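The numbering used here runs 13 ahead of the 1-based position in the sequence shown. For every residue, glycine included, the Cβ atom is placed at its ideal position computed from N, Cα and C. Being a predicted model, the structure only gives us computed values, none of them experimental.
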Amino acid sequence: IAEQPRLLTIVRPTIVESALRRPYPGWLEDLKVADPIILAYAAGMIPRFPANEDARIDLIPVDLVANACVAAAAHPPEDGVRTMHVAGGARNPIRVAELAALVTAYFRERPLAGEDGLPVEVPEWRFASHASVMRTLDRSGRLLRAGRDLVDRVPLPRADRVELRLHREQRRLERLRRH
Numbered sequence: 014i015a016e017q018p019r020l021l022t023i024v025r026p027t028i029v030e031s032a033l034r035r036p037y038p039g040w041l042e043d044l045k046v047a048d049p050i051i052l053a054y055a056a057g058m059i060p061r062f063p064a065n066e067d068a069r070i071d072l073i074p075v076d077l078v079a080n081a082c083v084a085a086a087a088h089p090p091e092d093g094v095r096t097m098h099v100a101g102g103a104r105n106p107i108r109v110a111e112l113a114a115l116v117t118a119y120f121r122e123r124p125l126a127g128e129d130g131l132p133v134e135v136p137e138w139r140f141a142s143h144a145s146v147m148r149t150l151d152r153s154g155r156l157l158r159a160g161r162d163l164v165d166r167v168p169l170p171r172a173d174r175v176e177l178r179l180h181r182e183q184r185r186l187e188r189l190r191r192h
């Protein structure tokens with residue numbers, strides 16, 4: 014039996030983000046690549062961002078990716094495998110600093126609620142090297158461990174509150190390390 018040739022289209026989008034138009038502007042199902050970082054900034058968790066502010070970043074709206082998938086399915090390759098890259102590329106470049114300015118403006122106009130229920134005031138987006146951010150996270154981890162050691166050894170008034178605060182800060186630090 015002769016084997017049928019495989020007709021396959023691989024769709025490779027860049028960083029997929031919220032919808033441009035459909036189902037409505039800004040729509041997003043679940044968190045994607047840049048979203049956790051953006052939301053951590055909006056929640057006041059990240060004071061600095063490890064990136065080169067002049068670097069270009071290629072984001073593509075999810076509805077354009079969906080359109081590319083439909084087009085690829087409607088027009089299979091004549092033979093073999095075809096790869097489609099879905100990107101803004103040179104037609105619509107954006108620098109990291111421009112993206113940061115847009116994010117800052119957005120969350121200043123529409124702030125997230127903090128743990129206390131009050132709006133989080135986002136700071137000016139600052140850039141730092143990856144090494145600098147990692148040093149700060151390491152130093153913070155050492156300070157938290159020292160604080161926990163102190164609470165364990167010295168009877169403090171309201172030690173439960175201090176322990177809870179240290180625990181929250183430890184969770185926050187772990188979230189930052191993951192992103």
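Rounded to whole angstroms, what is the Cα-Cα separation between residue 133 and residue 100?
33 angstroms
With DSSP run on the structure shown, which of helix, strand or coil describes residue 111?
helix
Could you tell me whether the Cβ atoms of residue 73 and residue 27 are closer together than 8 angstroms?
yes
With DSSP as the reference, please indicate the residues paired to residue 25 in a beta bridge.
98
Whose C-alpha, out of 118, 148, 71, 120, is nearest the C-alpha of residue 108?
Minimum Cα distance to residue 108 is reached at 71.
Going by DSSP in three states, residue 126 sits in which element: helix, strand or coil?
Three-state result, residue 126: strand.
Apply the 10 Å Cβ neighbour rule to residue 54 and answer buried if 16 or more other Cβ atoms are within range, or exposed otherwise.
Per the 10 Å Cβ criterion, buried.
Cutoff 8 angstroms: residue 49 Cβ touching any chain C Cβ
Any reference to chain C falls outside this structure, which holds one protein chain only.
Relative to the C-alpha of residue 40, which residue among 64, 77, 66 is closest?
77
Looking at the strands, I want to know which residues DSSP matches up with residue 132.
126
State buried or exposed for residue 30, treating a residue as buried only when at least 16 other CB atoms are found within 10 Å of its CB.
Around the beta carbon of residue 30, 16 or more other beta carbons lie within 10 angstroms, which makes this residue buried.
Can you find the residues in the same chain that come closer than 7 angstroms, C-beta to C-beta, to residue 157, ignoring five residues on each side of it along the sequence?
179, 182, 183, 186
I'd like the span of the beta strand (DSSP E) that includes residue 139, first residue to last.
In the DSSP assignment, residue 139 falls within the beta strand (DSSP E) that extends over 139-141.
Among the candidates 172, 86, 189, whose CA atom is the shortest distance from the CA of residue 95?
86
If you measure between the beta carbons of residue 57 and residue 146, is that distance less than 8 angstroms?
no
Sub-8 angstroms separation of residue 66 and residue 103 beta-carbons:
Between residue 66 and residue 103, the CB-CB gap reaches or exceeds 8 angstroms.
Rounded C-alpha distance that separates residue 142 from residue 19:
46 angstroms
For the alpha helix (DSSP H) that contains residue 77, what are its first and last residues?
75-87
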